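For the sequence shown, the residue numbers in our numbering are 5 to 180.
Using N, Cα and C, we set each Cβ at its ideal position, and we do this for glycine too.
Bear in mind the structure is a predicted one, so any value in this text is a computation, not a measurement.
Reading through the structure tokens given below for one structure.
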Amino acid sequence: LLALDMGRAQTGEREHIVVFTLHHIVSDGWSTDILIREFAALYEAFAAGRTSPLAPLSLQYADYAAWQREWLSGEPMERQLAYWRETLAECPTSLDLPTDHPRPAVMDHAGATLDFHVPKDVVDGLRKLCRREGATLFMGLLAAFYILLSRHSGQQDLCVGAPVANRRRVELEGLI
Numbered sequence: 005l006l007a008l009d010m011g012r013a014q015t016g017e018r019e020h021i022v023v024f025t026l027h028h029i030v031s032d033g034w035s036t037d038i039l040i041r042e043f044a045a046l047y048e049a050f051a052a053g054r055t056s057p058l059a060p061l062s063l064q065y066a067d068y069a070a071w072q073r074e075w076l077s078g079e080p081m082e083r084q085l086a087y088w089r090e091t092l093a094e095c096p097t098s099l100d101l102p103t104d105h106p107r108p109a110v111m112d113h114a115g116a117t118l119d120f121h122v123p124k125d126v127v128d129g130l131r132k133l134c135r136r137e138g139a140t141l142f143m144g145l146l147a148a149f150y151i152l153l154s155r156h157s158g159q160q161d162l163c164v165g166a167p168v169a170n171r172r173r174v175e176l177e178g179l180i
């Protein structure tokens, strides 16, 4: 299984399209943005005959992984686990949403997606509300998602996971 596949398609005599296929386990959204930005900068520089414009990283991912492995072992790891076990102890184990057909006896986790666009005036209104309340747009959208789940399920207590880039140090911001 290849986690990253890069291909190209020729669309004209001197025109090509570069295609990145990336499994979601390989990269978070933050890292994907870095990859695209750095690829574009390198392509532009090399096409013009210049050297790489990218500054060397002050920290390599292997350094970060070693630090994280050391930090998440022994007593610090037990403290983290204890915190999350206590925090999530009362978390419901399922969310009872109405369905259009009965749930299978054994969950297969097969699903689908529905793409939609939120009108600009609605997004602008949400941005304004978030600024007024000292929240990010992500926080506002997550709150709206909680409300939607609560209304459809009738449940007041919900647990929803939200992925984060988890880059608490400036040295980690350029890592993929």
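Three-state class that DSSP yields for F149 in the structure shown: Note: F149 maps to helix in three-state DSSP.
Can you tell me the Cα-Cα spacing of V22 and A49, whole angstroms? Straight-line Cα distance between these residues: approximately 16 Å.
Does the contact criterion of 3 or more C-beta pairs under 8 Å hold for the stretch 149–159 versus the stretch 81–99? In short, these stretches touch, since the Cβ pair count reaches three.
Nearest-angstrom Cα separation, counted from L133 out to L6: Low per-residue confidence applies at L6: pLDDT is 38, beneath 50, and the placement is therefore not dependable, though the value from the model is reported in the following sentence. Using only the alpha carbons, I get a separation of about 43 Å.
Distance CB(D63)-CB(E175) smaller than 9 Å: Here residue 63 is Leu; the residue named in the question, Asp, does not match the sequence. Cβ distance < 9 Å, so L63 and E175 count as in contact.
Only counting runs of 3 or more residues, tell me where the beta strand (DSSP E) segments fall wholly within the stretch 8–83, in order along the chain. The stretch 8–83 contains these whole beta strand (DSSP E) runs: 8–14 and 20–26.
Residue from I29, V127 and R171 whose Cα sits closest to the Cα of L141: That would be V127, whose Cα lies nearest to the Cα of L141.
Sequence-distant residues of its chain with Cβ nearer than 6 Å to L130 (five each side left out): Contacts found: G144.
What does a CB cutoff of less than 8 Å around A46 pick up in its chain, not counting 5 residues either side in sequence? Note on residue identity: the sequence assigns Leu, not Ala, to residue 46. Take L46, set aside five residues on each side of it, and the residues of its chain with a beta-carbon closer than 8 Å to its own are S56, P57 and L58, in chain order.
If contacts are defined as beta-carbon pairs under 8 Å, then R178 and L61 qualify, I think. What distance do you get, rounded to the angstrom? The amino acid at residue 178 is misidentified as Arg; the sequence shows Gly. That belief holds up - the Cβ atoms of G178 and L61 are roughly 6 Å apart, short of 8 Å.
Rounded to a whole number of angstroms, what is the C-alpha to C-alpha distance between D100 and Y87? Those two C-alpha atoms are separated by around 27 Å.
Please identify the residue among G33, F149, A13 and T25 whose C-alpha is closest to the C-alpha of R171. Comparing C-alpha distances from R171 to each of G33, F149, A13 and T25 shows the shortest one belongs to G33.
Do A148 and A139 have their C-beta atoms within less than 9 Å of each other? Taking 9 Å as the Cβ cut-off, A148 and A139 do not qualify as a contacting pair.
Quick check on the DSSP output: the alpha helix (DSSP H) that includes G129 runs from which residue to which? K124 to E137 is the extent of the alpha helix (DSSP H) around G129.
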